[in-house]
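A.B. asks:
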Amino acid sequence: YQDKISTYTDKNVDGYDFDKVETIPLVISASEEENIIKVYYTRRKITLRIRHIDITTGEVLNEELRLENDGDTYSTEPDVQDGYLQVSNKIYYKRYFANHPEELIAEGVDTVDEYMQINGINPTALFIPKNATGVIRVVENDDGTLSYEIGVVYYYGAEREVTVKYVDKITGEEIGEEVVKVGPDGETYDVTEDQKEVEGYTLVEIPDNPEGIYEEENEPRHYYYAKNTKVMVRYVDMDTGETIDEEANY
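Just so you know, we're using my numbering here: the sequence shown kicks off at 2 and counts up by one.
Here it is, written out as structure tokens:
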């Protein structure tokens, strides 16, 4: 009673930063309700920066800043802008390792395709950042300082088109409804799957290069057909010239 307390035991509280302490020094009184040292903390806030970037130009298409509590679970989603498409794993990793070849060497593989295969990455699936969801935490930098910002980046390619046409080889007339394939800039396309039958015609020529890369300007791919024609076989009486029989062959 009447003793004075000038110190207290500091405590690290997960997810919080120390703010201030009150009632220090504390003179102990007869009332326990008054014998309280109040130590105040503020909830640690972390900035979650979500960027949506053109993978070819590096342009930031959209950016979102969210303030999250340290230790909370967060989630993010892609935000596809008009005129853009989300890129595949294949595009992302090819671009990434093109800019960081030393990291591919460090992985002990020769190609990006080999890297994806070893790591169980589906090349045709849409790329999702590894930290798209998780528990947000303050990051300790190499120099011991703390980083209060976490970045999540989604990548997109400008929407490109390639047209597949179905053409009469002789007349040049289009004889089937064209197919317009759409994909992000830099993505691989294959028109082999677009080969089709056209009634009354026979396919005679396929595109020289059925595979290609979606670019700003893409040449149409052509499937050429020949029109089916009828040939009559006529059986004739040699003396009278009378038709004995006839049948059609193709």
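No residue lacks a Cβ here, since even glycine has one placed at the ideal position from N, Cα and C.
Just so you know, these numbers come straight off a predicted model, no measurement behind them.
Give the straight-line distance between the Cα atoms of K21 and K46, rounded to the nearest whole angstrom.
C.D. replies: By 1-based counting over the sequence shown, the position of residue 21 is 20. By 1-based counting over the sequence shown, the position of residue 46 is 45. Taking the straight line joining both Cα atoms gives about 17 Å.
A.B. asks: So for I137, helix, strand or coil by DSSP?
C.D. replies: Working through the sequence shown from its first residue, we reach residue 137 at position 136. Secondary structure of I137 (DSSP, three-state): coil.
A.B. asks: Please report the residue range of the alpha helix (DSSP H) in which I92 lies.
C.D. replies: The count along the sequence shown starts at 1 and reaches residue 92 at position 91. Here the alpha helix (DSSP H) through I92 covers 90-100.
A.B. asks: Below 8 Å on the Cβ atoms is my guess for Y9 versus I25; work out the distance and round it to an integer in Å.
C.D. replies: If you number the sequence shown from 1, residue 9 lands on position 8. If you number the sequence shown from 1, residue 25 lands on position 24. Right, their Cβ atoms sit about 7 Å apart.
A.B. asks: Whose C-beta lies closer than 7 Å to the C-beta of D15 among residues of the same chain, with five residues either side of it excluded?
C.D. replies: Counting from one through the sequence shown, the residue named residue 15 turns up at place 14. The residues are G72.
A.B. asks: Within the continuous alpha helix (DSSP H) that includes V117, where are the two ends?
C.D. replies: Within the sequence shown, residue 117 is the residue found at index 116, counting from 1. Sequence check: residue 117 is Met here, not Val. Counting along the chain, the alpha helix (DSSP H) containing M117 begins and ends at 113-119.
A.B. asks: Taking E206 as the reference, give the member of E220, K166, Y224 with the closest Cα.
C.D. replies: Translated into the one-based positions of the sequence shown, residue 206 becomes position 205. For E206, the nearest C-alpha among the options comes from Y224.
A.B. asks: If you run the structure through DSSP and keep just helix, strand and coil, what is E69?
C.D. replies: Position 68 of the sequence shown, counting from 1, holds the residue named residue 69. Reduced to three states, the DSSP call for E69 is strand.
A.B. asks: Mark L68 as exposed unless 16 or more other C-beta atoms lie within 10 angstroms of its C-beta, in which case mark it buried.
C.D. replies: Here residue 68 refers to the residue found at position 67 of the sequence shown. By the neighbour-count rule (16 or more Cβ atoms within 10 Å), L68 is not buried but exposed.
A.B. asks: Using DSSP with H/G/I as helix, E/B as strand and the rest coil, what is L150?
C.D. replies: Position 149 of the sequence shown, counting from 1, holds the residue named residue 150. Correcting the residue identity first, residue 150 is Glu in this sequence and not Leu. DSSP places E150 in strand when its eight states are reduced to three.
A.B. asks: Go through its chain and collect everything with a Cβ distance to A126's Cβ below 6 Å, but skip five positions before and after it.
C.D. replies: Along the sequence shown, read from residue 1 onward, the residue named residue 126 stands at position 125. Within the same chain, A126 has close Cβ partners N90.
A.B. asks: Flag this pair as touching only if the segment 178-190 and the segment 231-249 have three or more C-beta atom pairs under 8 Å; answer yes or no.
C.D. replies: no
A.B. asks: Quick one: give me the first and last residue of the beta strand (DSSP E) that R44 is part of.
C.D. replies: Taking the sequence shown and counting its residues from 1, one reaches residue 44 at position 43. Counting along the chain, the unbroken beta strand (DSSP E) around R44 starts and ends at 39-44.
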